[in-house]
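K.L.:
Please see the structure below; I have some questions.
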Amino acid sequence: MQRAGEAVLRAALASFPDSNGADILCGPGNNGGDGYVVARLLAESGWVVRVWALGKPAPMSDARRAFDECRLKPLPLEDFRPTVEALVIDAVFGAGLSRNLPLSAAEAATRVAKADVKVLAVDLPSGVAGDSGADLGGAFDATETVTFARMKPGHLLYPGRALCGRVTLADIGIADRHVAAAGCRTWCNTPSLWRHRLPRPASDAHKYRRGHILVLSGPRYQTGAARLSAMSAARSGAGAVTLGSPPDALDVNAAHLTSIMLVVTESDADLTTFLRGRQPTACVIGPGFGTGDRTRTFVATLLGHEKTMSVILDADAITSFKDTPDVLFGMIGKSRSATILTPHEGEFRRLFPDMEHERSKLERARKAAARAGGIVIYKGPDTIIAAPDGRAAINGNGTPWLATAGSGDVLAGIVAALAGQGMPAFEAACAAVWLHAEAGGKFGPGLIAEDLPELLPAILRDLL
Numbered sequence: 000m001q002r003a004g005e006a007v008l009r010a011a012l013a014s015f016p017d018s019n020g021a022d023i024l025c026g027p028g029n030n031g032g033d034g035y036v037v038a039r040l041l042a043e044s045g046w047v048v049r050v051w052a053l054g055k056p057a058p059m060s061d062a063r064r065a066f067d068e069c070r071l072k073p074l075p076l077e078d079f080r081p082t083v084e085a086l087v088i089d090a091v092f093g094a095g096l097s098r099n100l101p102l103s104a105a106e107a108a109t110r111v112a113k114a115d116v117k118v119l120a121v122d123l124p125s126g127v128a129g130d131s132g133a134d135l136g137g138a139f140d141a142t143e144t145v146t147f148a149r150m151k152p153g154h155l156l157y158p159g160r161a162l163c164g165r166v167t168l169a170d171i172g173i174a175d176r177h178v179a180a181a182g183c184r185t186w187c188n189t190p191s192l193w194r195h196r197l198p199r200p201a202s203d204a205h206k207y208r209r210g211h212i213l214v215l216s217g218p219r220y221q222t223g224a225a226r227l228s229a230m231s232a233a234r235s236g237a238g239a240v241t242l243g244s245p246p247d248a249l250d251v252n253a254a255h256l257t258s259i260m261l262v263v264t265e266s267d268a269d270l271t272t273f274l275r276g277r278q279p280t281a282c283v284i285g286p287g288f289g290t291g292d293r294t295r296t297f298v299a300t301l302l303g304h305e306k307t308m309s310v311i312l313d314a315d316a317i318t319s320f321k322d323t324p325d326v327l328f329g330m331i332g333k334s335r336s337a338t339i340l341t342p343h344e345g346e347f348r349r350l351f352p353d354m355e356h357e358r359s360k361l362e363r364a365r366k367a368a369a370r371a372g373g374i375v376i377y378k379g380p381d382t383i384i385a386a387p388d389g390r391a392a393i394n395g396n397g398t399p400w401l402a403t404a405g406s407g408d409v410l411a412g413i414v415a416a417l418a419g420q421g422m423p424a425f426e427a428a429c430a431a432v433w434l435h436a437e438a439g440g441k442f443g444p445g446l447i448a449e450d451l452p453e454l455l456p457a458i459l460r461d462l463l
């Protein structure tokens, strides 16, 4: 608790040097105990400090000891009124809150928001659920949040992610072995999670040993999405990429392709012949492909192929099973292939309509992956990658510049390239999501989907 208070003190002095005082709002638990330590340390540093309390800490607790050592008489939280010149330090509740924010705390948060004063939150803004990022009723909107040991899901999942402001992670002496002993199954999606699995071509590699990716194109006037996937797969290191095209779109696709090969896939028989003869290591179906019986038949053929490969189901391949999701899940369960589904929010609801009641996007993703029997990339500003065995990663480098048509098609191609080069499905999905977001963030304003593939080589070069 002392170390946590010292970490918050450092953040207050470094980030808010113009403040000439602090209003410290303390709850009755350990988060409030951190607040009392901060109050004592700031007062010793010469700041004008006022403490506002929601109840007293329990006798004999660490928080009570911090309360006793503070020596600043707390005032009732319901009487708190913010002032423009004073920093608000929110130490009312931390990551463990699972009920609605008490009225006095919610009213304090409202007054702080109306006064437009700076807020430094301890662990999490009060009212943000640590396990889901949900707003539990009028949460504080922080300028900066100082958290300890590890980030929590609430720091990465919306709306909590937006309410945290800048997040500072402080080491307060909790050893890694204690975190490991808790059996963590959730990670922040950063390169440290998967960098060691990135494909590196052997010195004697030829193109097919570097992965052969099949991307299936839609009809004549819906070909662009598949080409975006194909080009992304090529730029992500795949040695060979083939675009499967219906006959009416051959000339359109041929006019746009150079290094990417082209093959006719009008019928299920065409697809079966290609799979048996060319043995692709990964396949993308869905971008611009169209919905209906033909799509369902092609998906069944891919999942029923006798050889192991990775199958990426995106867009129309997901929507085609909105009325029969269990049929799709049954095929995935029997397949020899690793299956990766890439639904955005609307597509997720079509496949998993009964999961809307789940408060946590993280739990929805986990349950969806377990039910489907494949990796689920639950897309959004806080994309989650979940595996059937319970592993999950929350992406932290997302950017609003990716909210543009065709962006998801690019992601599907990156996933296929990494999985098709032999990267395990979960790690391939995590890496692809991070690479995709990193490219979007590097380009920034004016981004269109066509820009993304060309940004990938430089990012991969830095990682490798």
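For what it's worth, numbering that gives the first Met the number 0 labels the leading residue of the sequence shown as 0, then goes sequentially. Note that the Cβ used here is the ideal one computed from N, Cα and C, for glycine as well. Small disclaimer: the values here were computed from a predicted structure and weren't measured.
#1: Do F139 and P158 have their beta-carbon atoms positioned less than 8 Å apart in this structure?
#2: Helix, strand or coil, according to DSSP, for L327 in the structure here?
#3: Roughly how many whole angstroms lie between the Cα atoms of G132 and S359?
#4: Our contact map puts V352 next to G372 with C-beta atoms below 8 Å; I'd like the distance itself, whole angstroms only.
#5: At what residues does the beta strand (DSSP E) containing M354 begin and finish?
#6: Quick one: what does DSSP say V116 is sitting in, helix, strand or coil?
#7: Are the beta-carbon atoms of A418 and I331 separated by less than 8 Å?
#8: Distance, Cα to Cα, T465 vs G412?
#9: Suppose the cutoff is 6 Å on Cβ atoms and the five residues either side in sequence are ignored; what does the same chain contact list for A232 look like?
#10: DSSP three-state label for A21, please.
#11: So, with DSSP's three-state summary, where would you put L86?
#12: So, helix, strand or coil for A265, using DSSP?
#13: Compare the Cα-Cα distances from T144 to each of G26, V83, P16 and V127 and report the closest residue.
#14: With 16 other CB atoms within 10 Å as the buried threshold, where does V83 fall?
#15: Please name the residue or residues paired with V310 in a DSSP beta bridge.
#16: Is it right to say K378 is buried, meaning 16 or more other beta carbons lie within 10 angstroms of its own, or is it exposed?
#17: Leaving out the 5 sequence neighbours to the left and right, which residues in its chain are closer than 7 Å to A427 when beta-carbon positions are compared?
#18: Which whole-angstrom value is the C-beta distance of G236 and P198, which I expect to be below 8 Å?
P.N.:
So, from the listed chains and residues:
#1: Counted from its first residue, the sequence shown places residue 158 at position 159. Counted from its first residue, the sequence shown places residue 139 at position 140. With respect to the 8 Å criterion, P158 and F139 are not classified as neighbours on the basis of their beta carbons.
#2: The residue given as residue 327 occupies position 328 in the sequence shown. If DSSP states are grouped into helix, strand and coil, L327 belongs with the helices.
#3: The count along the sequence shown starts at 1 and reaches residue 132 at position 133. The count along the sequence shown starts at 1 and reaches residue 359 at position 360. Taking the straight line joining both Cα atoms gives about 8 Å.
#4: Counted from its first residue, the sequence shown places residue 352 at position 353. Counted from its first residue, the sequence shown places residue 372 at position 373. Note that residue 352 corresponds to Pro in the displayed sequence, not to Val. Separation of the CB atoms of P352 and G372 is rounded to 18 Å, and the pair is thereby denied contact status at 8 Å.
#5: Start at 1 with the first residue of the sequence shown, and residue 354 comes out as number 355. Careful: M354 lies outside any beta strand (DSSP E) and carries neither H nor E.
#6: By 1-based counting over the sequence shown, the position of residue 116 is 117. In this structure, V116 counts as coil in the three-state DSSP scheme.
#7: In the sequence shown, residue 418 corresponds to position 419, counting from 1. In the sequence shown, residue 331 corresponds to position 332, counting from 1. No. Outside cutoff.
#8: Here the chain covers residues 0 to 463 and nothing more, so residue 465 does not appear.
#9: Here the question's residue 232 lines up with position 233 in the sequence shown. Only I212, V240, G412, A415 and A416 meet the Cβ criterion.
#10: As a working note, residue 21 is residue 22 in the sequence shown. DSSP places A21 in strand when its eight states are reduced to three.
#11: Counted from its first residue, the sequence shown places residue 86 at position 87. Strand, per DSSP.
#12: Within the sequence shown, residue 265 is the residue found at index 266, counting from 1. In the sequence as presented, Ala is not what sits at residue 265; that position holds Glu. Assigned with DSSP and collapsed to three states, E265 falls in coil, not helix or strand.
#13: The residue you call residue 144 lines up with position 145 of the sequence shown. Ranking the options by Cα distance to T144, first place goes to V127.
#14: Residue mapping note: residue 83 aligns to position 84 of the sequence shown, counting from 1. When all chains shown are included, V83 counts as exposed.
#15: One-based indexing of the sequence shown puts residue 310 at position 311. Paired residue(s): C282 and T338.
#16: The sequence position of residue 378 within the sequence shown is 379, counting from 1. K378 comes out buried.
#17: Sequence index remark: in the sequence shown, residue 427 carries index 428 (1-based). Around A427: V414, L417 and A418.
#18: Looking up residue 236 in the sequence shown gives position 237. Looking up residue 198 in the sequence shown gives position 199. About 6 Å separates the beta carbon of G236 from that of P198, a gap short enough to meet the 8 Å contact definition.
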